[in-house]
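> Structure in structure tokens, see below.
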Amino acid sequence: MTDVIEARGLVKRYKGVAALDGLDLSVPEGTIMGLLGPNGAGKTTAVRILTTLLDADEGTATVAGIDVRQDPAGVRSRIGLSGQYAAVDEYLTGQENLEMVGRLYKLGGKQAKARARVLLERFDLADAGNRPAKTYSGGMRRRLDLAGALVIAPPVLFLDEPTTGLDPRSRIGMWDVIRELVSGGTTLLLTTQYLEEADRLADDIVVIDKGKIIAQGTADQLKSQVGGERIELVVEDSSRVDDARQVLAAVAVGDVSYDVQTRRLTASVQGGGAALQQALRGLDEAGVVALDVGLRRPTLDDVFLTLTGHGAENDETDNSQKAGAAR
Amino acid sequence: MTTTQASPVRDGAPQPIEMGTLQGALSDGLAIARRNVIKIKRVPDLLVFTLLSPIMFILLFAYVFGSAIDIPGINYREFLIGGIFAQTVIFGATITGAGLAEDVQKGIMDRFRSLPMSRAAVLVGRTASDVIINVITLVIMSLTGLLVGWRIRDGIGKALLGFLLILAFAYAVSWVMAFIGLLVPSPEVVNNASFLFIFPATFIANTFVPTDNFPTVLKFIADWNPVSAVTQAGRNAFGNVGPPVRDVWSLQHPVVYTLLWIAIILAIFVPLAVRQFKKAASR
């Protein structure tokens with residue numbers, strides 16, 4: 128398989144501060160690469176360079192085999208971009224928005240109209256197609272924006288935080304759409320600050336922080352970096368915590384931690400299922416009632432915490448500003 | 048959403064039509080202009096700004112100032128119209144800047160810049176569609192003018208040339224505004240900043256009163272202010288001859304002087320705006 132997106136040593140500085148600090152990326156054809164990181168990690172900068180919106184200070188990048196700096200027009204005719212906030216013209220209807228993009232791709236009026244109708248149908252917007260986009264919900268605008276990126280069915284697609292700011296239902300709807308896209312062989316680079324999103328969609332995940340890669344691999348590989356599974360147990364009666372802790376200590380690797388507020392005991396274990404069974408028997412014998420007990424695999428949140436020493440926290444003010452500007 | 052095995056968005060994907068560079072750029076410019084024209088219909092603020100404010104200006108000046116100003120040899124309302132045409136179309140140019148700033152702010156510019164389209168088309172399409180707004184404005188103002196007593200006295204052909212010159216000047220100014228709009232990507236800032244510039248530029252001129260009694264410095268500025276030349280050229284074209292025109296080259300040859308300014312403004316601001324467009328990033 129050839130790499131459809133390839134970046135070597137990308138550096139971009141803003142007023143001396145490196146937004147990207149030597150980023151390498153390779154995305155094989157027909158796969159989804161998840162670029163994961165908190166706000167300010169450099170995700171958007173990377174996408175902007177790869178989509179020819181921004182010049183890198185150092186490094187090279189090719190998309191679909193074309194150098195982004197030497198032939199930006201060539202790259203543009205092979206990519207689709209859906210940005211961080213929905214770039215739709217709110218005074219135009221859905222149909223008019225997509226038609227305009229079609230015309231700009233030189234499809235001609237007739238093809239642009241027909242393609243717009245097909246896409247509106249595909250993205251569940253046919254009924255709203257003749258209403259100004261101003262009247263659309265956030266989820267509908269995102270879908271319209273994504274449809275705009277698919278007007279020529281580009282072989283390479285860039286989605287910059289496609290679900291930021293969406294409610295959970297719209298987010299799941301968006302995931303379905305994205306999965307479907309790639310089933311047709313589209314190569315996709317997706318940025319997200321949602322660990323769950325990368326976990327669900329991406330074949331390969333690159334975790335970046337401060338413009339550098341801090342980890343790379345499949346979701347499973349990343350999780351195994353942080354260690355194995357753990358048992359989590361919430362006791363019903365907080366006076367029985369010590370008994371429960373003893374039971375868990377017998378199967379645990381290392382210490383058993385206890386969170387007073389949630390009455391939750393956590394113990395790292397090896398050989399998951401068997402350890403859980405043993406713990407359950409022990410609890411039964413000791414007569415400790417568990418409100419909730421289960422085997423938990425590490426999430427990407429844990430990965431982030433382990434790798435960076437801080438959680439995948441977001442700069443919320445930055446986010447709300449962007450949402451404000453988008454409105 | 049229906050689920051099919053084959054990729055729904057890749058099946059039946061349309062094929063771009065082969066176009067030469069120039070044809071492509073024209074097609075892009077048209078697509079952008081088409082979009083802006085749709086917006087004229089949809090954005091109520093713009094409609095109010097375009098249609099009502101010129102009417103208001105004519106009525107206010109004609110009856111409020113007009114009642115106190117006496118200009119020898121000509122009815123003030125007839126004197127006024129040439130000046131108010133010039134002022135209004137210059138204000139119209141701010142729509143260009145504010146519109147571009149809004150596109151940058153809302154991320155639509157990123158969409159445009161990621162498409163294989165002509166780099167200049169967004170600007171060409173924008174400025175072209177703003178000419179349409181100015182044409183509508185001039186028609187409305189002319190009708191209002193005729194109602195309050197303005198007349199075209201030297202034939203319609205000459206008057207049309209006058210309108211053309213006014214539109215051409217406004218077109219040049221809209222490239223200045225395009226540059227500002229891309230430089231300061233906030234529609235509000237563009238509007239406020241340009242009003243600070245446009246008010247003095249259109250008042251320190253022969254637009255609303257004869258300049259003979261201006262203080263020396265202002266008189267000098269007014270003599271060489273291109274807005275004065277545009278206004279004078281308009282008055283000449285409409286046959287609205289009033290008091291003797293001041294004896295400076297710029298006002299004795301207002302058409303040539305205006306054309307010079309148009310050429311200079313375009314030569315400077317078209318490249319600047321295109322360069323700024325390439326840089327313009329919504330953060």
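Listed in order, the protein sequences are those of chains Z and H.
If you're matching positions, the first sequence starts at 128 in our numbering and goes up one per residue.
If you're matching positions, the second sequence starts at 48 in our numbering and goes up one per residue.
The beta-carbon is built from N, C-alpha and C at its ideal position, and this holds for glycine as well.
Computed from a prediction, not measured in an experiment: that's the story for all the values here.
Verify the contact flag: W222(H), CB atom, against every heavy atom of the ligand GDP, threshold strictly below 7 Å.
Ligands are entirely absent from the displayed structure, and the ligand GDP is therefore not among its contents.
> Under 7 Å Cβ-Cβ, which residues of chain H neighbour D216(Z)?
Within chain H, the residues near D216(Z) are R82 and I155.
> Using only the alpha-carbon positions, how far apart do D177(H) and V154(Z) sit?
44 Å
> Got a sec: is the Cβ-Cβ distance from M227(Z) to anything in chain H below 8 Å?
yes
> Between I183(H) and chain Z, is there a C-beta pair that is closer than 8 Å?
no
> Should I105(H) and T191(H) be called a contact, given that it needs their Cβ atoms to be closer than 8 Å?
yes
> In this structure, what does DSSP give as the bridge partners for S153(Z)?
E133(Z)
> Using only the alpha-carbon positions, how far apart do E356(Z) and M66(H) sit?
Using only the alpha carbons, I get a separation of about 59 Å.
> Does any residue of chain H bring its CB to less than 8 Å from the CB of Q238(Z)?
yes
> Which residues in chain Z sit within 9 Å of D75(H), going by Cβ to Cβ distance?
R230, L231 and K233
> If I measure Cβ to Cβ from E363(Z) and keep anything under 6 Å in the same chain, skipping five residues before and after, which residues do I get?
V416 and L418
> For a quick check, are the C-beta atoms of V138(Z) and L147(Z) less than 8 Å apart?
yes
> Would you list the one or two residues that DSSP bridges to T141(H)?
Paired residues: none, contrary to the question.
> Compare the C-beta of F96(H) with all C-beta atoms of chain Z and state if any pair is closer than 8 Å.
False, the Cβ-Cβ gap to chain Z never drops below 8 Å.
> If you scan the region 148-180 of chain H from start to end, which runs of the alpha helix (DSSP H) of 4 or more residues do you find wholly inside it?
The region 148-180 of chain H contains these whole alpha helix (DSSP H) runs: 155-160.
> DSSP three-state label for G192(Z), please.
coil
> Comparing the C-beta of A514(Z) with each C-beta of chain H, is any distance below 8 Å?
Here chain Z has residues from 128 to 454 only, and residue 514(Z) is not among them.
> Tell me, please, which residues DSSP counts as bridged to I105(H).
DSSP output for I105(H) lists no bridge partner at all.
> Candidates V174(Z), D386(Z), G398(Z) and D326(Z): which alpha carbon is nearest L208(Z)'s?
V174(Z)
> Residues in the region 293-326 of chain Z with C-beta within 9 Å of chain H's C-beta atoms, listed in sequence order?
Those residues of the region 293-326 of chain Z that come within reach of chain H (Cβ to Cβ, closer than 9 Å) are G300, D303, V304, E307, L308, V309, S310, G311, G312 and T313.
> Please work out which residues of its chain come closer than 7 Å, Cβ to Cβ, to S74(H), disregarding the five sequence neighbours upstream and downstream, and give them in chain order.
M66
> Inspect the CB distances between the region 168-175 of chain H and the region 249-269 of chain H and report whether three or more fall short of 8 Å.
In the pairwise beta carbon analysis, the region 168-175 of chain H is classified as not touching the region 249-269 of chain H: fewer than three pairs are separated by under 8 Å.
> Contact between the region 187-197 of chain Z and the region 221-236 of chain Z: three or more CB pairs below 8 Å?
Contact between the region 187-197 of chain Z and the region 221-236 of chain Z is not established, with fewer than three Cβ pairs separated by less than 8 Å.
> If you drop the 5 nearest sequence neighbours on each side, which residues of the same chain put their C-beta closer than 6 Å to that of W271(H)?
Within the same chain, W271(H) has close Cβ partners S297.
> Taking A72(H) as the reference, give the member of E125(H), I102(H), P163(H) and V274(H) with the closest Cα.
P163(H)
> Tell me whether the beta-carbon of L180(Z) lies closer than 8 Å to the beta-carbon of S161(H).
yes
> Around the C-beta of M103(H), are 16 or more other C-beta atoms found within 10 angstroms, so that it is buried, or is it exposed?
exposed
> Quick check on DSSP: helix, strand or coil for L98(H)?
helix
> Determine the burial state of K326(H): buried for a count of at least 16 other Cβ atoms within 10 Å of its Cβ, exposed for fewer.
It counts as exposed.
> Along the chain, where does the beta strand (DSSP E) that runs through V334(Z) open and close?
D331 to D336
> Three or more beta-carbon pairs under 8 Å between the region 277-288 of chain Z and the region 214-221 of chain Z, yes or no?
no
> What is the rounded straight-line gap between the Cα of T97(H) and the Cα of G281(H)?
20 Å
> What residues from the region 132-159 of chain H come within 9 Å of chain Z, judged by C-beta to C-beta, listed N to C?
Shown in chain order are the members of the region 132-159 of chain H whose Cβ falls below 9 Å from a Cβ of chain Z: D150, Q152, K153, G154, I155, M156, D157, R158 and F159.
> Using 8 Å as the threshold, is the C-beta distance between L293(Z) and M301(Z) below it?
yes
> What did DSSP end up calling A145(Z) once you bin it into helix, strand or coil?
strand
> Nearest-angstrom Cα distance between R268(Z) and I121(H)?
57 Å
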